[in-house]
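If you count the sequence shown from 1, position 139 lands on 139 in the UniProt record's numbering, and the numbers rise without skipping. Every residue gets a Cβ at the ideal spot worked out from N, C-alpha and C, and that includes glycine. In what follows, a structure is listed as structure tokens, so that the remarks can point back to it.
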Amino acid sequence: MLFVQTVKIIMEILKTFDTHHMIDIDIIEGKPFVVSTSCKVHTDMVLEYFCSDHDTLCCRSCMASAHRSCEKVLPIEVSAKGVKSSARYDEIVEHVTTLNSAVNELEDKKRQVLTTLKESKLTAKQDVNNFKAQLPKRNQEIEAALISEIDKIHTDLSNEANENLEKISDGRRKIQNIAEQFEFVSKHGSESQIFMLINNIKEELNCHANDFHQLLSSQKDLSVSFKESDLLSFMKSFGSVEIKEASLDI
Ligand SMILES: [Zn+2]
Ligand SMILES: [Zn+2]
């Protein structure tokens, strides 16, 4: 039975238990049974009759007004004869039973909801914990990738720089050789020898000077550095908390 229907029926039943009309109280097996005997319209009057035309209980004042032209108005004791074997009685019994089991089912479901809710809290917390536990591993992977990238870039750059250094050293040795030769001839050679040397090395020297200028212009100061991302500033959380809803299957 649908929840809304159940509530409507409960409301209808509660209406009949308006406390102003609770009069006959018997205590049976420790539970009070309340049967209203006063008229809802004429609150100081007692219900004494049943009108079959209107299918309602009524008092003397009701009879004199609303049911004056009704034909089937009988005293309650007469109408009540054999009530337990009437269709109306069976109907009410079935109605109360159905309602009772529906309310019980709803109550059970609601308790289950609370249990499930509590379990889901624990699961959600555990999930956060599990996810957090994955972060160090992921951090290590990211760290390893960055370290390896730094190594690779360093290897490439230093290889290139070493090649350049080779060229520079080579040039340096050649120039040094020329300088030593020149110094020796200047010191010990004749003017003719010095003159010849100058002419001999002129071209070679120009060539070395060109190479040197070329090398010099292509050399750069090199270093590897790590630039942090702004991950930490925009990382407010590593997930979100959500509410899941589904209708109860009743
Ligand atoms: Zn009345
Ligand atoms: Zn009537």
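- Secondary structure note for cysteine 39: it is in no beta strand (DSSP E), with a DSSP letter that is neither H nor E.
- With respect to the 8 Å criterion, lysine 109 and leucine 248 are classified as neighbours on the basis of their beta carbons.
- In this structure the segment 66-80 does not touch the segment 215-224; the number of beta carbon pairs closer than 8 Å is below three.
- Within the UniProt domain "B box-type" (39-76), the complete alpha helix (DSSP H) segments at least 4 residues long are 60-65, listed from N- to C-terminus.
- Closest by C-alpha distance to glutamate 149, out of Lys132, Lys227, Ile198, Val93, is Lys227.
- Check the Cα spacing between alanine 246 and each of Ser169, Val113, Phe195: the tightest is with Val113.
- Its chain contains Val224 as the residues whose beta carbon lies nearer than 6 Å to that of isoleucine 153, once the 5 sequence neighbours on both sides are disregarded; these appear in chain order.
- Bounds of the alpha helix (DSSP H) holding valine 113 are 87-188.
- With 16 or more other Cβ atoms inside 10 Å of its own Cβ, tyrosine 49 counts as buried.
- Those residues having their beta-carbon less than 5 Å away from any non-hydrogen atom of ligand 2 are, in chain order, Cys51, Asp53, His54, His67, Cys70.
- If you check the CB distance, serine 61 and leucine 47 do not come in under 8 Å.
- Counting C-beta pairs with one atom in each stretch, the segment 198-213 and the segment 162-181 have three or more that are closer than 8 Å, which means they touch.
- Not one heavy atom of ligand 1 falls within 7 Å of the beta-carbon of valine 73.
- Shown here for isoleucine 76: same chain residues with a beta carbon closer than 8 Å to its own, the five before and five after excluded, namely Leu47, Glu48, Tyr49, Phe50, Leu57 in chain order.
- By the CB criterion at 8 Å, phenylalanine 212 and leucine 197 fall outside the cutoff.
- Selection around ligand 1 by beta-carbon proximity, strictly under 7 Å to any non-hydrogen atom, yields Cys39, Val41, His42, Met45, Cys58, Cys59, Ser61, Cys62 in chain order.
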